[in-house]
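These notes are about the structure you will find just below.
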Amino acid sequence: MSAPERDELTSAARAILDAGRDLDGPGDLERARVRRLLLAKIAAGGTALAASSAAASGPVPIGAATTTTAAATGTATTSSVLAAPVVKALVALTLVGGGVGGGFAWKARRDARPAAPAVVATNEPARVPAPPTLAPAPLPVVAPRAPTPVHHVHVAAPVRDEVPANRLAEETALLATANAELRGGDARHALALLDDYERRYPSGVLREEVLATRVIARCQVSVGAGPAPDATARRAAAAFLARHAASPLAPRVRSSCER
Amino acid sequence: MLVGRSKAPTYEQPQGLPEIYARHADFVWRNLRRLGVHESSIDDAVQDVFLVVHRRLGDFEARAQVTTWLFGIVLRVAQTYRRSATRRRARLTDAPASDFEHVPTTTTEGPAELFERREASQLLHRLLDELDDDKRAMLVCIELEQMTVPEAAESLGLNLNTAYGRLRAARAAFNDAVTRAQRQMAAGREAS
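From first to last, the protein sequence lines are chains W and F.
If you use my numbering, the first sequence closes out at 259, no skipped numbers anywhere.
If you use my numbering, the second sequence closes out at 192, no skipped numbers anywhere.
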């Protein structure tokens with residue numbers, strides 16, 4: 001079968017698609033915010049993502065795939081290259097009936113549009129993400145969050161929106177470093193880092209994850225000194241499992257301490 | 001039947017999640033939006049895509065481009081979110097569809113440029129909303145991400161003939177949507 005021709009699209013349709021090609025990507029702030037949230041979900045699961053977080057936030061290497069390179073740099077250049085095609089696309093929609101006397105119809109649409117905050121507020125309930133779920137493998141399955149009313153009901157800890165983004169990033173980085181030490185076999189250093197976390201963030205968002213990491217580190221330290229975790233470490237593990245039975249970190253605590 | 005290649009090229013194996021996120025976060029983000037994930041859910045949806053990537057990275061085979069593989073994941077996550085949003089709207093019967101969509105800003109963008117981007121983004125999303133899921137995904141692959149038809153077929157799990165047929169249908173449907181929009185806007189001008 002022969003390839004479809006590009007001119008299967010009308011000129012107006014083509015103009016709109018061409019103008020839309022560089023739209024919809026995140027801004028720098030959005031990209032960084034989601035990366036932090038992703039880090040928070042993965043860090044305590046023992047993933048090395050955070051250790052390489054600098055790479056994740058860095059510039060896209062030259063030679064990356066064309067589409068992604070364009071995407072990664074698109075937001076920085078959009079303002080300088082987009083205006084003409086966007087106007088062209090919008091004008092394409094107004095060229096009806098052989099004239100442009102009506103000008104930009106989208107201006108009328110803008111005037112008729114309800115105030116933005118009110119519409120946002122009524123259409124989509126306020127965004128209140130749950131505290132981070134830091135899951136070890138297997139990671140959470142792909143599923144949308146629970147309906148917002150239920151979401152609100154289950155949010156017991158301070159919501160993330162109340163936590164300054166830079167503080168969450170710092171918490172996440174510190175916890176990730178502790179986990180890296182733990183994976184590297186230096187449980188004592190991990191414990192020292194966790195002590196530091198608790199001094200700096202007594203009401204931290206990642207308390208549950210820090211507690212789990214601490215329990216695992218204690219078990220690892222005591223295993224280094226004997227054939228099995230000592231009674232103190234086992235009690236700490238039992239206390240964690242009793243209090244956080246549904247935690248995604250429970251299996252990891254169990255496997256580390258119940259020997 | 002999935003598309004097979006007589007001489008399958010090999011592509012670079014991604015090193016890990018940080019690298020994939022750095023290179024492809026924008027790709028994932030914009031295509032979730034284009035496939036109908038509402039702005040209010042985009043953070044969660046992007047994270048879900050990368051959690052799937054994290055989980056399945058070991059299964060990735062370098063016979064496909066990362067973007068081809070990613071698009072398949074994006075498509076499934078977007079479908080899940082859209083279904084959920086539909087159910088939620090059905091419960092919130094008084095909530096109209098939003099007429100205002102957030103467009104991420106850049107630090108160098110002025111108000112006029114931001115406004116133009118918002119207008120263009122809204123326009124594109126409205127038109128894409130008029131397509132069914134299959135046509136929408138095909139149009140996004142080919143016309144917005146500029147994949148080849150074989151790449152799009154692989155992303156969408158189609159054989160090549162089906163992919164070509166769907167592309168034609170998608171373009172025709174998009175033309176129709178644009179024509180309807182033009183008529184509506186002309187009618188609006190006459191009414192005013």
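Backbone N, C-alpha and C fix where the C-beta goes; we use that ideal spot for every residue, glycine too.
Element boundaries [alpha helix (DSSP H), containing residue i]
| i | result |
| --- | --- |
| R183 of chain F | 160 to 191 |
| D186 of chain W | D186 of chain W -> no alpha helix (DSSP H), and no H or E assigned at all. |
| D18 of chain W | 11 to 20 |
| H24 of chain F | 17 to 34 |
| C257 of chain W | 250 to 257 |
| F60 of chain F | It is not in any alpha helix (DSSP H) - F60 of chain F carries neither H nor E in the DSSP assignment. |
| S41 of chain F | Segment: none, S41 of chain F is in no alpha helix (DSSP H) and carries neither H nor E. |
| L37 of chain W | 28 to 43 |
| R134 of chain F | A quick correction: the sequence has Asp, not Arg, at residue 134 of chain F. First-last of the alpha helix (DSSP H) with D134 of chain F: 133 to 139. |
| L144 of chain F | From DSSP, L144 of chain F is part of no alpha helix (DSSP H); its letter is neither H nor E. |
| E154 of chain F | 149 to 156 |
Residue from the options whose Cα sits closest to the Cα of residue i
| i | options | result |
| --- | --- | --- |
| A212 of chain W | W:G27, W:L182, W:A225, W:L17 | W:L182 |
| P18 of chain F | W:H244, W:D24, W:R36 | W:R36 |
| G157 of chain F | F:R83, F:F174, F:A187, F:R76 | F:R76 |
| I142 of chain F | F:R183, F:D132, F:V53, F:A170 | F:A170 |
| R55 of chain F | F:S155, F:I73, F:M185 | F:I73 |
| K146 of chain F | F:D132, F:E190, F:T67 | In the sequence under discussion, the amino acid at residue 146 of chain F is Gln, which differs from the Lys named in the question. Selected option, being the one with the closest Cα: F:T67. |
| I16 of chain W | F:A45, F:L124, F:G58 | F:L124 |
| N179 of chain W | W:S255, W:S11, W:V210 | W:V210 |
| L9 of chain W | F:T179, F:R189, F:V49 | F:T179 |
| L57 of chain F | F:R183, F:R126, F:N159, F:I20 | F:I20 |
| Y197 of chain W | W:R167, W:V253, W:G184 | W:R167 |
| Q65 of chain F | F:R189, F:R23, F:S40 | F:R23 |
| V49 of chain F | F:E39, F:S40, F:F27 | F:F27 |
| T86 of chain F | F:R183, F:V53, F:S192, F:H38 | F:H38 |
Contact check, residue i vs residue j, beta carbons under 9 Å
| i | j | result |
| --- | --- | --- |
| R214 of chain W | L191 of chain W | yes |
| L194 of chain W | A217 of chain W | yes |
| E119 of chain F | D176 of chain F | no |
| D24 of chain W | S155 of chain F | no |
| V34 of chain W | D133 of chain F | no |
| M185 of chain F | L167 of chain F | no |
| R31 of chain W | W29 of chain F | yes |
| L32 of chain F | L38 of chain W | no |
| A152 of chain F | A163 of chain F | yes |
| Y205 of chain F | G36 of chain F | This structure does not reach residue 205 of chain F, given that chain F is present from 1 up to 192, and the question cannot be answered. |
| A25 of chain F | A78 of chain F | no |
| C257 of chain W | A236 of chain W | yes |
| E170 of chain W | R200 of chain W | yes |
| A187 of chain F | R126 of chain F | no |
Beta-carbon proximity list for residue i, same chain, < 6 Å, skipping 5 on both sides
| i | result |
| --- | --- |
| R203 of chain F | Here chain F has residues from 1 to 192 only, and residue 203 of chain F is not among them. |
| A43 of chain W | A50, T172, L175, A176 |
| A187 of chain W | A217, Q220, V221 |
| S84 of chain F | none |
| S41 of chain F | Y81 |
| A121 of chain W | Caution is warranted here: a pLDDT of 32 is assigned to A121 of chain W, below 50, making its placement in the model unreliable, and the coordinate value is therefore given only provisionally. Within the same chain, A121 of chain W has no close Cβ partners at all. |
Residues of its chain near residue i, where Cβ-Cβ distance is below 7 Å and the 5 sequence neighbours each way are ignored
| i | result |
| --- | --- |
| A239 of chain W | none |
| R34 of chain F | L128, V140, L144 |
| V253 of chain W | A212, V215, I216, A237, F240, L241 |
| W69 of chain F | F60 |
Sequence-distant residues of its chain with Cβ nearer than 8 Å to residue i (five each side left out)
| i | result |
| --- | --- |
| L232 of chain W | Checking the sequence, you will find Thr at residue 232 of chain W rather than Leu. Within the same chain, T232 of chain W has close Cβ partners R218, S222. |
| V149 of chain F | I142, L160, A163, Y164, L167 |
Please give the ranges of any beta strand (DSSP E) in the stretch 204 to 247 of chain W, keeping only runs that are unbroken, at least 3 residues long and fully inside the region. none
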